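Undergrad: First the structure, then my questions, so here it is.
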Amino acid sequence: MGNQDVVTESTEGKEKQETLNLLHSTQTVIKEALEKLGYQESMFELLKEPLRVLTVRIPVRMDNGEVKVFTGYRAQHNDAVGPTKGGIRFHPEVTEDEVKALSIWMSLKAGIVDLPYGGGKGGIICDPREMSFRELERLSRGYVRAISQLVGPTKDIPAPDVFTNSQIMAWMMDEYSRIREFDSPGFITGKPIALGGSHGRETATAKGVTICIREAAKRRNIDVKGARVVVQGFGNAGSYLAKFMHDAGAKVIGISDAYGALHDPNGLDIDYLLDRRDSFGTVTKLFNNTITNKELLELDCDILVPAAIENQITAANAHNIKAKIVVEAANGPTTLEATKILTERGVLLVPDVLASSGGVTVSYFEWVQNNQGYYWSEEEVEEKLEKVLVRAFENVYSLSQTRRVDMRLAAYMVGVRKMAEASRFRGWV
Ligand SMILES: NC(=O)C1=CN([C@@H]2O[C@H](COP(=O)(O)OP(=O)(O)OC[C@H]3O[C@@H](n4cnc5c(N)ncnc54)[C@H](O)[C@@H]3O)[C@@H](O)[C@H]2O)C=CC1
Ligand SMILES: O=C(O)CCC(=O)C(=O)O
7 MGNQDVVTES
17 TEGKEKQETL
27 NLLHSTQTVI
37 KEALEKLGYQ
47 ESMFELLKEP
57 LRVLTVRIPV
67 RMDNGEVKVF
77 TGYRAQHNDA
87 VGPTKGGIRF
97 HPEVTEDEVK
107 ALSIWMSLKA
117 GIVDLPYGGG
127 KGGIICDPRE
137 MSFRELERLS
147 RGYVRAISQL
157 VGPTKDIPAP
167 DVFTNSQIMA
177 WMMDEYSRIR
187 EFDSPGFITG
197 KPIALGGSHG
207 RETATAKGVT
217 ICIREAAKRR
227 NIDVKGARVV
237 VQGFGNAGSY
247 LAKFMHDAGA
257 KVIGISDAYG
267 ALHDPNGLDI
277 DYLLDRRDSF
287 GTVTKLFNNT
297 ITNKELLELD
307 CDILVPAAIE
317 NQITAANAHN
327 IKAKIVVEAA
337 NGPTTLEATK
347 ILTERGVLLV
357 PDVLASSGGV
367 TVSYFEWVQN
377 NQGYYWSEEE
387 VEEKLEKVLV
397 RAFENVYSLS
407 QTRRVDMRLA
417 AYMVGVRKMA
427 EASRFRGWV
């Protein structure tokens with residue numbers, strides 16, 4: 007998705023080139039982080055790309071009897087710390103470079119919240135919104151058959167991401183268990199509770215973002231109660247986040263999905279919208295008076311949360327963002343050029359690799375519970391998540407202050423350290 011090499015923008019008469027390639031962008035920041043930490047070039051050479059990327063072709067019998075062949079990927083960035091871990095997305099614009107970048111971000115997230123994992127990520131080029139339930143089941147099972155040699159509870163543990171959900175995780179777990187001939191709940195996380203899912207995983211990403219918003223707001227002396235919040239995306243991350251912000255007394259004045267956005271300066275009826283959204287996070291189709299996603303991002307507000315897709319805040323619109331705090335629930339919503347512009351304008355930007363790490367944190371809890379066969383209450387999960395995220399936020403924020411760098415670079419410095427050390431101790435570099 008959104009993976010062009012460069013776009014040329016004309017800003018105030020000046021031609022500017024900006025990379026929208028997520029892999030190139032993440033490599034730029036990894037290089038900077040490793041240099042700041044004093045690592046040699048060879049460490050960058052190791053970490054700039056995933057160790058392994060598998061491309062698979064998945065034949066699926068469609069409901070009309072025809073066979074359609076889909077392309078999928080699974081990237082494993084670095085397994086020096088432990089098995090790789092990360093979600094699977096189903097989206098028409100998935101690319102190999104995007105999946106590679108997403109796997110690197112998973113390694114960084116694991117480092118930031120200190121999980122015993124490296125990063126992995128998968129994707130299939132498809133549009134699940136246009137597929138039937140049974141076609142989706144066949145595609146999910148076909149993907150697992152195609153990648154089964156590479157993954158497993160001690161090798162690489164998938165999870166949900168854009169346009170995948172607990173039902174898809176259930177089919178994948180069932181397929182893997184059939185192939186291996188034993189029940190393997192720890193193969194995948196984000197499962198339904200009845201199949202060994204964890205309490206709190208469904209809402210974990212949004213809970214983590216909520217904690218980061220609270221911590222960021224404290225640093226900027228903004229009261230969350232009464233703050234005006236705009237959320238782009240109304241799926242797993244965005245819709246629960248809107249709900250948690252609403253419950254915390256904030257005024258959610260804008261939300262969006264892939265088809266448009268809703269704006270009400272007096273606050274939207276979040277419970278109603280939650281009730282009416284579909285399983286792909288679509289809700290705006292029910293309304294006539296919509297605005298565009300572009301207009302949504304530029305609304306006058308205190309806190310802006312991109313929670314949809316990549317490359318939404320770029321050099322073209324960063325000057326028009328009015329929020330005082332931007333918290334990235336989505337992976338890669340802000341380009342490096344836009345990060346620079348926002349930082350220079352004094353906007354506090356909490357980067358994706360920190361802000362969206364609540365999901366993988368509770369996925370880790372799910373995997374631990376599967377491995378031990380003993381399950382925790384929702385309160386226990388939330389208490390543990392709170393501790394992990396508050397500590398991670400403080401680590402990144404204080405490093406950004408002491409080293410006088412933006413929070414993205416600080417987060418990369420925190421996130422890269424453990425995997426670099428583990429790679430060094432293993433004698434890889
Ligand atoms: N689900 C999870 O646990 C985690 C998700 N994330 C990230 O959060 C973001 C959202 O993921 P989920 O909520 O899980 O996905 P989802 O599939 O539940 O929802 C996606 C939302 O984005 C909207 N969307 C899709 N294309 C769009 C476009 N072109 N413009 C505007 N909106 C668009 C959809 O309409 C939907 O509302 C992604 O970047 C994902 O990688 C990050 C960490 C964990
Ligand atoms: O829950 C997980 O293991 C991974 C979630 C994910 O894909 C992400 O944080 O981007």
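Using the working numbering, the letters of the sequence shown correspond one by one to residues 7 to 435.
Note that CB positions come from ideal geometry on N, CA and C, so glycine has one too.
All figures in this text were calculated on a predicted structure; none of them were measured in a lab.
Kindly list the residues whose CB is nearer than 7 Å to the CB of residue 280, restricted to its own chain and excluding five residues on each side of it in sequence; keep chain order.
TA: 245, 249
Undergrad: From which residue to which residue does the alpha helix (DSSP H) around residue 209 run?
TA: 207-225
Undergrad: Given a cut-off of 8 Å on the beta-carbon distance, is the pair residue 339 and residue 413 in contact?
TA: no
Undergrad: Where do the ends of the alpha helix (DSSP H) carrying residue 103 lie?
TA: Note, residue 103: alpha helix (DSSP H), 102-118.
Undergrad: Assuming residue 231 and residue 421 form a contact by the criterion Cβ under 8 Å, report the distance between their Cβ atoms to the nearest whole angstrom.
TA: At roughly 31 Å, the Cβ-Cβ gap does not stay under 8 Å, so residue 231 and residue 421 are not in contact.
Undergrad: Using the Cα positions of residue 127 and residue 71, report the straight-line distance between them to the nearest angstrom.
TA: 31 Å
Undergrad: Could you check if residue 284 belongs to the surroundings of ligand 1, using beta carbon to heavy atom distance under 7 Å?
TA: Residue 284 has its Cβ no nearer than 7 Å to any heavy atom of ligand 1.
Undergrad: Alpha carbon to alpha carbon, how far is residue 59 from residue 137?
TA: 26 Å
Undergrad: Tell me the rounded alpha-carbon separation between residue 76 and residue 254.
TA: 43 Å
Undergrad: Quick one: is residue 292 buried, meaning 16 or more other Cβ sit within 10 Å of its Cβ, or exposed?
TA: Exposed: under 16 other Cβ atoms inside 10 Å.
Undergrad: Name the two residues that bound the continuous alpha helix (DSSP H) containing residue 305.
TA: No alpha helix (DSSP H) contains residue 305, which DSSP labels as neither H nor E.
Undergrad: Taking just the CA atoms, how far does residue 99 sit from residue 415?
TA: 27 Å
Undergrad: Taking the alpha helix (DSSP H) that residue 3 falls in, what are its first and last residues?
TA: The chain is shown only over 7 to 435; residue 3 falls outside these bounds and no answer can be derived.
Undergrad: Less than 8 Å between the beta carbons of residue 175 and residue 196, yes or no?
TA: yes
Undergrad: Taking C-beta to C-beta, are residue 170 and residue 96 nearer than 8 Å?
TA: yes
Undergrad: Helix or strand or just coil, what does DSSP make of residue 20?
TA: Reliability of the predicted coordinates at residue 20 is poor, the pLDDT of 45 falling under 50, and the value obtained from them is presented with this limitation in mind. Note: residue 20 maps to strand in three-state DSSP.
Undergrad: Could you check if residue 173 belongs to the surroundings of ligand 1, using beta carbon to heavy atom distance under 7 Å?
TA: Outside the cutoff, so no.
Undergrad: Hey, is residue 112 close to ligand 2, as in C-beta under 7 Å from one of its heavy atoms?
TA: The closest heavy atom of ligand 2 lies less than 7 Å from the beta carbon of residue 112.
Undergrad: In the DSSP output, what is residue 184 paired with across the bridge?
TA: DSSP output for residue 184 lists no bridge partner at all.
Undergrad: In the DSSP assignment, the beta strand (DSSP E) including residue 92 goes from what residue to what residue?
TA: That run of the beta strand (DSSP E) goes 90-97.
Undergrad: Taking Cβ to Cβ, would you say residue 350 is nearer than 8 Å to residue 24?
TA: no
Undergrad: Since residue 315 and residue 335 should fall inside the 8 Å C-beta cutoff, what is the C-beta to C-beta distance between them, to a whole number of angstroms?
TA: About 11 Å separates the two Cβ atoms, so there is no contact after all.
Undergrad: Any contact of the segment 292-307 with the segment 263-282, i.e. 3+ C-beta pairs under 8 Å?
TA: yes
Undergrad: In chain order, what residues of the same chain lie with their CB nearer than 8 Å to the CB of residue 301, ignoring the 5 residues before and after it?
TA: 267, 269
Undergrad: Please identify the residue among 160, 93, 33, 53 whose C-alpha is closest to the C-alpha of residue 364.
TA: 93
Undergrad: Have a look at residue 352 and residue 326 and give me their C-alpha separation to the nearest angstrom.
TA: 13 Å
Undergrad: Comparing C-alpha positions only, which one of 237, 398, 225 sits nearest to residue 212?
TA: Nearest of 237, 398, 225 to residue 212, Cα basis: 237.
Undergrad: In chain order, which continuous runs of the beta strand (DSSP E) of length 3 or greater are located wholly inside the segment 327-405?
TA: 331-333, 354-356
Undergrad: Quick check on the contact list: which residues have their beta carbon closer than 5 Å to a heavy atom of ligand 2?
TA: 91, 92, 93, 165, 167, 365, 366, 369
Undergrad: Cβ atoms of residue 367 and residue 119: under 8 Å apart, would you say?
TA: Yes, the Cβ-Cβ distance between residue 119 and residue 367 is below 8 Å.
Undergrad: Between residue 293 and ligand 1, is there a pair consisting of the residue's CB and a ligand heavy atom that are separated by less than 7 Å?
TA: no
Undergrad: Give a yes or no on contact between the segment 211-228 and the segment 172-190, applying the rule of three or more CB pairs nearer than 8 Å.
TA: no
Undergrad: Once you ignore the five residues that flank residue 158 on each side, which residues in its own chain have a CB closer than 7 Å to its CB?
TA: 193
Undergrad: Residue 243: beta carbon under 7 Å from a heavy atom of ligand 1?
TA: yes
Undergrad: Using three-state DSSP, classify residue 165 as helix, strand or coil.
TA: strand
Undergrad: Which residues share a DSSP beta bridge with residue 263?
TA: For residue 263, which the question treats as bridged, DSSP gives the partners 266.
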